[in-house]
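Q:
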Amino acid sequence: MHIALFLDQHPRSLGGIQTSAMLQRKYLEKQGHKVTFVSPASGKRLIERGFFTLPSWPLTYNWEFWFVANARRSRKRLDRSQRRRQDKFDLVHVQADMWGAIIGIGFAQRNKLPIVMTSHFNLAKGTQEVIGKYPSKFLFWLLSREFLKHLRLPLQDTTTDAWKYIQLITNQVDVVLVPSEHFGRDLKANGVSSELRVMHNGVDDERIESTLAGIKDEPHHNDKKIHLVWAGRFQREKRLIEFIEAVHLAKLDNVVIDVYGRGPLWRKAVALVDTYGLNHQVLLHGRAAHARMLTYFAKADALVQTSVGFETQGMTVYEAAAVGTPSILCDRNIAEEFAAGAHWVVEDESVESLARTLAKAVADLRKGDRRGDKLIGDELLLQSGLTKRAIGIYEELLAKGGKYTN
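With the UniProt record's numbering, you'll find the sequence shown wraps up at 406, consecutive numbering, no jumps.
1) My output table needs one value for residue 327: the three-state DSSP class, helix, strand or coil.
2) Is residue 76 helix, strand or coil by DSSP?
3) With distances taken between CB atoms, is the gap from residue 163 to residue 132 smaller than 9 Å?
4) Give me the residue from 242, 152, 31 and 222 with the minimum Cα distance to residue 172.
5) By DSSP, does residue 288 sit in helix, in strand, or in coil?
6) Thinking just about the alpha-carbon of each residue, which of 187, 185, 262 and 124 is nearest to the one in residue 231?
7) Among all the DSSP beta bridges, which residues are the ones paired with residue 51?
8) Are the beta-carbon atoms of residue 51 and residue 59 separated by less than 9 Å?
9) What does DSSP give as the partner residue(s) for residue 345 in the beta ladder?
10) For residue 6, write down the residues that DSSP places opposite it in a beta bridge.
11) On a CA-only basis, which of 253, 291, 295 and 244 is nearest residue 274? Give me that one, please.
12) CB residue 73 to CB residue 55, shorter than 9 Å?
13) Can the beta-carbon of residue 28 be found less than 9 Å from the beta-carbon of residue 390?
14) Of all the options 18, 115 and 181, which has the alpha carbon lying nearest to the alpha carbon of residue 405?
15) Is the segment 276-283 touching the segment 380-398, taking contact as three or more C-beta pairs under 8 Å?
16) How would you call residue 240, buried or exposed, if buried means at least 16 neighbouring beta carbons within 10 angstroms?
17) Please report the straight-line C-alpha distance between residue 299 and residue 221, rounded to a whole angstrom.
18) For the structure I just gave you, are there three or more beta carbon pairs, one from the segment 353-368 and one from the segment 307-322, closer than 8 Å?
19) What's the call for residue 370, buried or exposed, on a 16-neighbour Cβ count within 10 Å?
20) Under a Cβ-count criterion, where at least 16 other Cβ atoms within 10 Å of its own Cβ denotes burial, should residue 209 be classed as buried or exposed?
21) Please state the DSSP three-state secondary structure of residue 58.
22) Identify, in the order they occur along the chain, each residue of the same chain with its Cβ nearer than 8 Å to the Cβ of residue 129, setting aside the five sequence neighbours on each side.
23) Pair every Cβ in the segment 100-115 with every Cβ in the segment 132-142, then say whether three or more of these pairs are closer than 8 Å.
24) Once you ignore the five residues that flank residue 147 on each side, which residues in its own chain have a CB closer than 7 Å to its CB?
25) Can you look up residue 234 in the DSSP assignment and give me helix, strand or coil?
26) Can you give me the C-alpha to C-alpha distance between residue 267 and residue 246, rounded to a whole angstrom?
27) Are residue 343 and residue 335 touching if we call contact CB-CB under 9 Å?
28) Going by other Cβ atoms of all chains shown within 10 Å of its Cβ, with 16 needed for buried, is residue 122 buried or exposed?
29) Please state whether the Cβ-Cβ distance between residue 53 and residue 71 is less than 9 Å.
30) Using CA coordinates, which residue listed in 155, 106 and 160 is at the minimum distance from residue 124?
31) If you run the structure through DSSP and keep just helix, strand and coil, what is residue 117?
32) Residue 260 bridges to which residues according to DSSP?
33) So the candidates are 99, 20, 19 and 202; which of them puts its Cα closest to the Cα of residue 68?
34) Compute the Euclidean distance between the alpha carbons of residue 106 and residue 276, then round it to the nearest angstrom.
35) Drop a sphere of 10 angstroms on the beta-carbon of residue 134, count the other beta-carbons inside from all chains shown, and report buried for 16 or more, exposed for fewer.
36) Please look up how many angstroms separate the CB atoms of residue 337 and residue 180, rounded, as I've assumed it's under 8 Å.
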């Protein structure tokens, strides 16, 4: 089958959704299917096969992220391409919330194609955190109005509310895929009535195999210390500052904590580590390439995940689990996606509770805790197994038809 995969950003630009989409294409093509990305441009990205670039303009100064402002031109260009194609699209998969969703759903409607949507991101919470309450209201007014015009639906449903906008777009697709049970519950609680199915974002099987093979014959560490790792953007929602405070409170002996990432709280984190005299224990490394991060996860004794209620999946926990490294989890929602006892779970959001769980996990690891061994090879973590499930959903939808095909 030939799948049109719509994104809000070019798949080779930076971002977790883009990385996930590229991985999905890799494993779908391994199964003999064809994927064409439909997205805005991105600075310095050359034209290549399998990419359909929409008329777009830069969104950021570095030309990494772009936006589509002229949906009408995009519509005409897409429809003309579909008419001329020998290998016409069989199905639309939207992995977008904004212009990618508007154009993708409209394309499916006009061309009578079944449509799947993956909702990766808590749009209501994320946009307000990034641009503020009132700019986000204006954004959803613009998006909802453009969506309704594009699909020729009544403009009276234009809204400034993020969740009502999400209801508008999900009402026009056949199946909504969500990366976790808990995010699915959030969507249902906020009025999304479409059929939801859980489909985690997977980890590249080949990269996991090469990572584990690369460290097979070498010791994880030579210093006989417990090694913990934290990875993420240094922003308030990730609770790095609370983590450093908990490390100070826990007074962990013979423990090294490697912290990877950058962001607005970098200077504050550096200052706090210095204030607490933790320079020998909490090591701030900055950003690291994804392939290197898998190796760091594999060599660590445990990952520490500190955000609460922010992640729709918690991808670092899945990546660490895929290489056999358990996590110390502050977000109970993420813990519920795994078997009981797979990870250590912090009792509540307080720094004191996190400090106690850190101490407990370190004590368990010193006694030889091997809970991470059970995580390796779990099909729910690997992209190959998830791709087979996705193909099953596509085939089911093609067989029975969607709301635009019948």
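Glycine residues also receive a C-beta, built at the ideal position from the N, C-alpha and C atoms. Computed from a predicted structure; not experimentally measured.
A: Judging by the given coordinates:
1) Here the question's residue 327 lines up with position 327 in the sequence shown. Strand at residue 327.
2) The residue labelled residue 76 in the question sits at position 76 within the sequence shown. In this structure, residue 76 counts as helix in the three-state DSSP scheme.
3) Within the sequence shown, numbered from 1, the residue matching residue 163 stands at position 163. Within the sequence shown, numbered from 1, the residue matching residue 132 stands at position 132. No, the pair does not count as a contact, with Cβ atoms beyond the cut-off.
4) By one-based count along the sequence shown, residue 172 stands at place 172. Answer by Cα proximity: 152.
5) Working through the sequence shown from its first residue, we reach residue 288 at position 288. Looking at residue 288 - three-state DSSP - the assignment turns out to be coil, as it is neither helix nor strand.
6) The residue labelled residue 231 in the question sits at position 231 within the sequence shown. Taking only the C-alpha atoms, the option nearest residue 231 is 262.
7) Indexing the sequence shown from 1 puts residue 51 at position 51. Looking at the DSSP assignment, residue 51 forms a beta bridge with 37.
8) Indexing the sequence shown from 1 puts residue 51 at position 51. Indexing the sequence shown from 1 puts residue 59 at position 59. No, these two residues do not count as a Cβ contact at 9 Å.
9) The sequence position of residue 345 within the sequence shown is 345, counting from 1. In the DSSP output, where bridge partners are listed per residue, residue 345 has 329.
10) Here residue 6 corresponds to residue number 6 of the sequence shown, with the count starting at 1. In the DSSP output, where bridge partners are listed per residue, residue 6 has 38 and 94.
11) Translated into the one-based positions of the sequence shown, residue 274 becomes position 274. Nearest of 253, 291, 295 and 244 to residue 274, Cα basis: 244.
12) The sequence position of residue 73 within the sequence shown is 73, counting from 1. The sequence position of residue 55 within the sequence shown is 55, counting from 1. For residue 73 and residue 55, yes; Cβs fall inside 9 Å.
13) Within the sequence shown, the letter at position 28 stands for residue 28. Within the sequence shown, the letter at position 390 stands for residue 390. Yes, the pair counts as a contact, with Cβ atoms nearer than the cut-off.
14) Working through the sequence shown from its first residue, we reach residue 405 at position 405. Nearest C-alpha to residue 405: 115.
15) no
16) Locating residue 240 in the sequence shown gives position 240, where the first residue counts as 1. Burial call: buried.
17) For this step, residue 299 is matched to residue 299 along the sequence shown. For this step, residue 221 is matched to residue 221 along the sequence shown. Their Cα atoms are separated by approximately 7 Å.
18) no
19) For this step, residue 370 is matched to residue 370 along the sequence shown. Exposed: under 16 other Cβ atoms inside 10 Å.
20) Reading the sequence shown from its first residue, position 209 is the one you call residue 209. So residue 209 ends up on the exposed side.
21) Translated into positions along the sequence shown, residue 58 becomes position 58. In this structure, residue 58 counts as strand in the three-state DSSP scheme.
22) Here residue 129 refers to the residue found at position 129 when the sequence shown is read from its first residue. Only 237 meet the Cβ criterion.
23) no
24) As a first step, residue 147 is located in the sequence shown; it is residue number 147 there, counting from the start. Cβ within range, chain order: 102, 168 and 169.
25) On the sequence shown, position 234 is the one that residue 234 refers to. Three-state DSSP puts residue 234 in coil, outside helix and strand.
26) Position 267 of the sequence shown, counting from 1, holds the residue named residue 267. Position 246 of the sequence shown, counting from 1, holds the residue named residue 246. If I take the Cα positions, the gap works out to 18 Å.
27) Here the question's residue 343 lines up with position 343 in the sequence shown. Here the question's residue 335 lines up with position 335 in the sequence shown. Closer than 9 Å, so yes.
28) In the sequence shown, counting from the first residue as 1, residue 122 sits at position 122. Classification of residue 122: buried, given that the 10 Å Cβ count is 16 or more.
29) Residue numbering aside, residue 53 sits at position 53 when the sequence shown is read from its first letter. Residue numbering aside, residue 71 sits at position 71 when the sequence shown is read from its first letter. No, these two residues do not count as a Cβ contact at 9 Å.
30) Here residue 124 corresponds to residue number 124 of the sequence shown, with the count starting at 1. Selected option, being the one with the closest Cα: 160.
31) Position 117 of the sequence shown, counted from the first residue, corresponds to residue 117. In this structure, residue 117 counts as strand in the three-state DSSP scheme.
32) Taking the first residue of the sequence shown as position 1, residue 260 is located at position 260. Looking at the DSSP assignment, residue 260 forms a beta bridge with 231 and 286.
33) The count along the sequence shown starts at 1 and reaches residue 68 at position 68. Here the closest residue by C-alpha is 99.
34) Position 106 of the sequence shown holds residue 106. Position 276 of the sequence shown holds residue 276. Computed Cα separation, rounded: 55 Å.
35) Residue numbering aside, residue 134 sits at position 134 when the sequence shown is read from its first letter. Answer is exposed; the Cβ neighbour count stays below 16.
36) Residue 337 sits at position 337 when you count from the first residue of the sequence shown. Residue 180 sits at position 180 when you count from the first residue of the sequence shown. At roughly 6 Å, the Cβ-Cβ gap stays under 8 Å, so residue 337 and residue 180 are in contact.
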